[in-house]
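Chains as they are written, first to last, in this note's numbering: chain A, 991 to 1102; chain B, 84 to 195.
Built from N, CA and C at the ideal position, the CB exists for glycine as well.
Since the structure is predicted, the reported quantities are computational estimates derived from the model, not experimental observations.
Right under this line is the structure:
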């Protein structure tokens, strides 16, 4: 699992509340990514980071923000959760010199 | 527009037979292609990959074929086993640590 953990693993929240998901890695990899997985859509990139304080938007970034204040943590924030953000969220890392990405176990988020 | 397409949402195969999963892409800048396998409630796991300079890569029961002129790749699993039942995602990336672009996935069911 390349030392990737995600927290929480499950969360139920109400529309309009802020939510922060955490991705933690133990091996100081530079590149980190947030994806969401939805039926009929596969995996879609939300935001990614190429270093501390260096982030960029992905395909479905609206309604999400990210922060990376230290190498090991990449936070995804839903400022005001909506029902359309009900999804499974996966964090991933790239290992330098390898073409693959490795994924965390996911966070299942339900917005009521 | 979808840059990576998996046109078959599902596939059912008898145990011991060959499974063939297909993937098409539109972006000629992609130079690395990957297949991921995903079980329910787990993160995607890397299965096999191929560089654009090759047309075949084999790893045990898994072989990926790339036809650059047709912008098509396929994953062959021989022989198929019940434990192969999962969702398979095709992904592609440009050179460097660029984010992966995923297809929508194909659900493979291997029937004993």
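As assigned by DSSP and simplified to three states, the class of residue i
| i | result |
| --- | --- |
| residue 166 of chain B | helix |
| residue 85 of chain B | coil |
| residue 1073 of chain A | helix |
| residue 1060 of chain A | strand |
| residue 1088 of chain A | coil |
| residue 1030 of chain A | coil |
| residue 100 of chain B | coil |
| residue 156 of chain B | strand |
| residue 1019 of chain A | coil |
| residue 136 of chain B | coil |
| residue 1005 of chain A | coil |
| residue 110 of chain B | coil |
| residue 1102 of chain A | coil |
| residue 1050 of chain A | coil |
| residue 144 of chain B | coil |
| residue 175 of chain B | strand |
Paired residues, beta bridge with residue i - DSSP
| i | result |
| --- | --- |
| residue 190 of chain B | B:93, B:170 |
| residue 131 of chain B | B:118 |
| residue 1044 of chain A | A:1041 |
| residue 180 of chain B | In DSSP, residue 180 of chain B forms no bridge with anything. |
| residue 1078 of chain A | A:1027, A:1098 |
| residue 1012 of chain A | A:997, A:1065 |
| residue 1083 of chain A | A:1022, A:1092 |
Other residues of its chain near residue i: CB distance less than 7 Å, five sequence neighbours each side excluded
| i | result |
| --- | --- |
| residue 1076 of chain A | 1099, 1100, 1101 |
| residue 1073 of chain A | 1005, 1101 |
Listed by chain order, chain B residues near residue i by CB distance under 9 Å
| i | result |
| --- | --- |
| residue 1080 of chain A | 126, 127 |
Beta-carbon contacts of residue i that lie in its chain and below 6 Å, excluding the five residues immediately before and after
| i | result |
| --- | --- |
| residue 178 of chain B | 114 |
| residue 1016 of chain A | 993 |
| residue 128 of chain B | 120 |
| residue 1010 of chain A | 1065, 1067 |
| residue 117 of chain B | 132, 174 |
Partners in chain B for residue i, counting only beta-carbon separations shorter than 8 Å
| i | result |
| --- | --- |
| residue 1188 of chain A | With chain A covering 991 to 1102 only, the question about residue 1188 of chain A has no answer from this structure. |
| residue 1054 of chain A | Those do not exist, as residue 1054 of chain A stays about 15 Å from chain B at its closest Cβ, beyond 8 Å. |
Contacts of residue i in chain A (Cβ-Cβ under 8 Å)
| i | result |
| --- | --- |
| residue 132 of chain B | 1089, 1090 |
| residue 187 of chain B | 1030, 1031, 1032 |
Presumed contact (8 Å Cβ cut-off) between residue i and residue j, rounded CB distance
| i | j | result |
| --- | --- | --- |
| residue 1049 of chain A | residue 1035 of chain A | 5 Å |
| residue 92 of chain B | residue 189 of chain B | 7 Å |
| residue 186 of chain B | residue 1032 of chain A | 6 Å |
| residue 195 of chain B | residue 165 of chain B | 5 Å |
| residue 147 of chain B | residue 136 of chain B | Actually they are not in contact, since the Cβ atoms of residue 147 of chain B and residue 136 of chain B sit about 14 Å apart, beyond 8 Å. |
| residue 145 of chain B | residue 156 of chain B | Contact flag wrong, Cβ pair sits at about 13 Å. |
Contact set for residue i: own chain, Cβ-Cβ below 8 Å, skip 5 residues either direction
| i | result |
| --- | --- |
| residue 154 of chain B | 107, 108, 109, 111 |
| residue 1045 of chain A | 1037, 1038, 1039, 1056, 1057, 1058 |
| residue 999 of chain A | 1095, 1096, 1097, 1098 |
| residue 101 of chain B | 159, 160, 161, 162, 163 |
| residue 90 of chain B | 105, 107 |
| residue 168 of chain B | 191, 192, 193 |
| residue 1042 of chain A | 1058, 1059, 1060, 1061 |
Within chain A, partners of residue i - CB distance below 7 Å
| i | result |
| --- | --- |
| residue 172 of chain B | 1032, 1033 |
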